[in-house]
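Student: The listed protein sequences derive, respectively, from chains U and A.
Its first residue numbered 1, the first sequence is counted upward by one per residue in the numbering used here.
Its first residue numbered 216, the second sequence is counted upward by one per residue in the numbering used here.
Just so you know, even glycine gets a beta-carbon here, dropped at the ideal spot from N, CA and C.
First the structure, which I've put down as C-alpha cells, then a few questions once you've had a look.
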Amino acid sequence: MNVFRLAGDMMHLLSIVVLLLKITGIKSCRGISLKTQELYLLVFITRYLDIFTNFVSLYNTVMKLVFLGTSSAIVYYMRYDRIIKLTYDKEQDTFKYLLLVAPSAVLALATSHVYTVLEVLWTFSIYLEAVAIMPQLVLLQRTQNIDNLTGNYVFLLGSYRGLYILNWIYRFFTEKHYRQWLVWTCGVVQTIIYCDFFYYYFLSWQNNEKLALPA
Amino acid sequence: GSGKASKDEL
Numbered sequence: 001m002n003v004f005r006l007a008g009d010m011m012h013l014l015s016i017v018v019l020l021l022k023i024t025g026i027k028s029c030r031g032i033s034l035k036t037q038e039l040y041l042l043v044f045i046t047r048y049l050d051i052f053t054n055f056v057s058l059y060n061t062v063m064k065l066v067f068l069g070t071s072s073a074i075v076y077y078m079r080y081d082r083i084i085k086l087t088y089d090k091e092q093d094t095f096k097y098l099l100l101v102a103p104s105a106v107l108a109l110a111t112s113h114v115y116t117v118l119e120v121l122w123t124f125s126i127y128l129e130a131v132a133i134m135p136q137l138v139l140l141q142r143t144q145n146i147d148n149l150t151g152n153y154v155f156l157l158g159s160y161r162g163l164y165i166l167n168w169i170y171r172f173f174t175e176k177h178y179r180q181w182l183v184w185t186c187g188v189v190q191t192i193i194y195c196d197f198f199y200y201y202f203l204s205w206q207n208n209e210k211l212a213l214p215a
Numbered sequence: 216g217s218g219k220a221s222k223d224e225l
C-alpha cells in the first residue's frame, strides 16, 4: 500500500468521524443529505459483499467493517434518533434516488467484467459511488449558513477521491497489469463533481468568510 | 483482469 492510498483512506475515515461528531455532538444533521448517506451505505454493502470470501488484509477487513458500521449509524441517527431526525432538512433534500441508482444498475449490467452477482454488484457500487455525493451538493447549494463541520465533511470526502487518483497514478507506474479503466473513469468523474465545491471552499477559506455555494 | 486488482482497495 502506498502513501496516497493510506492518506486517501484516512481522509475518508476522518470525513466520517467529522460527520458523526457533528451529528452526535451538536445533535443536528442540518445540511446533511440523508439520500447521499443512504446511497453510501448501499455502495458499501454492494462493494463489500466479499468481505469474508476475499481476504486481502486485516487492514482492509477492519476498514470495511468500520465503513459499514459508521455509515449504518449515520443513517440510523438521521432516520430514527428522536432529536436528531427533527433537524433533517427533508423538504430540501429532494434529489431522486432513481436518477442515480437506475443508470448505475444499467451500466453495471452492461459493462460488468464477469456476470456473477458479486461482480455485477461490485461494478454497480463503483458507478454509484461516483455520483452519490450529488444530493449532498444540491442540498449544500440550498443551505444558508453552511456550518464548518458540514463544509469540512465534504472537503475531506473530496480529498479522499483526489488522493485515490494519485494512488492509481502511482500504481500504474509501479505495478504490472494495473489497468483499471472502469475504476479510473468513475474516480475521475467523481472528483470532477467536487471541483465546483472546492473552488468555493478555498475562496471562503482565503477570504475568511463563511462557505456559501451560489445557487 | 479488469476490476481484480482494485479489489484490494476500499
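Is any beta-carbon of chain A found at less than 8 Å from that of U/R30?
Tutor: Residue numbering aside, residue 30 of chain U sits at position 30 when the first sequence is read from its first letter. Chain A, which has no Cβ nearer than 8 Å to the Cβ of U/R30, makes this no.
Student: Which full runs of the alpha helix (DSSP H) of 4+ residues lie inside the stretch 120-159 of chain U, going along the chain?
Tutor: Correct list: 134-142.
Student: By the DSSP assignment, the alpha helix (DSSP H) with U/A212 in it spans what residues?
Tutor: The count along the first sequence starts at 1 and reaches residue 212 of chain U at position 212. It is not in any alpha helix (DSSP H) - U/A212 carries neither H nor E in the DSSP assignment.
Student: Residues of chain A with CB under 7 Å from U/N2, in chain order?
Tutor: Taking the first sequence and counting its residues from 1, one reaches residue 2 of chain U at position 2. Within chain A, no residue comes near U/N2; the closest Cβ sits about 11 Å away, beyond 7 Å.
Student: Less than 8 Å between CB atoms is the rule here; does U/Q270 satisfy it with respect to chain A?
Tutor: Absent from the structure is residue 270 of chain U, since the part of chain U shown begins at 1 and ends at 215.
Student: Count the CB pairs spanning the stretch 42-58 of chain U and the stretch 113-124 of chain U that are closer than 8 Å, and state whether there are at least three.
Tutor: These segments touch.
Student: Rounded C-beta distance between U/C29 and U/I84? I'm assuming under 8 Å.
Tutor: As a first step, residue 29 of chain U is located in the first sequence; it is residue number 29 there, counting from the start. As a first step, residue 84 of chain U is located in the first sequence; it is residue number 84 there, counting from the start. Confirmed, about 6 Å.
Student: Could you run through the stretch 47-73 of chain U and flag, in chain order, every residue whose CB is less than 9 Å away from some CB of chain A?
Tutor: R47, Y48, D50, N54, V56, S57, N60, M63, K64 and F67
Student: Please compile the residues from chain A whose C-beta is within a distance smaller than 9 Å of the C-beta of U/G5.
Tutor: Locating residue 5 of chain U in the first sequence gives position 5, where the first residue counts as 1. A small fix is needed here, since residue 5 of chain U is Arg in this sequence, not Gly. Correct list: E224 and L225.
Student: So, at 7 Å on beta carbons, what are the nonlocal neighbours of A/G216 in its own chain, with the 5 sequence-adjacent residues on each side left out?
Tutor: On the second sequence, position 1 is the one that residue 216 of chain A refers to. Its pLDDT being 41, under 50, A/G216 is placed unreliably in this model, and the coordinates cannot settle the point.
Student: With H, G and I counted as helix, E and B as strand and the rest as coil, what does DSSP make of A/G216?
Tutor: Working through the second sequence from its first residue, we reach residue 216 of chain A at position 1. Unreliable positioning characterises A/G216 in this predicted model, as indicated by a pLDDT of 41, which lies under 50. A coordinate reading is not provided.
Student: Looking at the structure shown, is U/S33 part of a helix, part of a strand, or coil, going by DSSP?
Tutor: On the first sequence, residue 33 of chain U is found 33 positions in, with the first residue counted as 1. It is coil, neither helix nor strand.
Student: Okay, do the stretch 168-179 of chain U and the stretch 29-46 of chain U touch, 3+ Cβ pairs below 8 Å being the bar?
Tutor: No, the stretch 168-179 of chain U is not in contact with the stretch 29-46 of chain U.
Student: Tell me, to the nearest whole angstrom, how far the beta carbon of U/L14 is from that of U/L140; I am working on the premise that it is less than 8 Å.
Tutor: The residue given as residue 14 of chain U occupies position 14 in the first sequence. The residue given as residue 140 of chain U occupies position 140 in the first sequence. About 19 Å; that fails the 8 Å criterion.
Student: Cβ of U/V183 less than 8 Å from any chain A Cβ?
Tutor: Along the first sequence, read from residue 1 onward, the residue named residue 183 of chain U stands at position 183. Answer yes: the Cβ-Cβ gap between U/V183 and chain A drops below 8 Å somewhere.
Student: From U/F124 to U/L109, what does the alpha carbon distance come to, in whole angstroms?
Tutor: Position 124 of the first sequence, counted from the first residue, corresponds to residue 124 of chain U. Position 109 of the first sequence, counted from the first residue, corresponds to residue 109 of chain U. Answer to the nearest angstrom: the Cα atoms are 8 Å apart.
Student: Taking only beta-carbon positions, decide if U/I16 is within less than 8 Å of chain A.
Tutor: Sequence index remark: in the first sequence, residue 16 of chain U carries index 16 (1-based). Not an interface residue.
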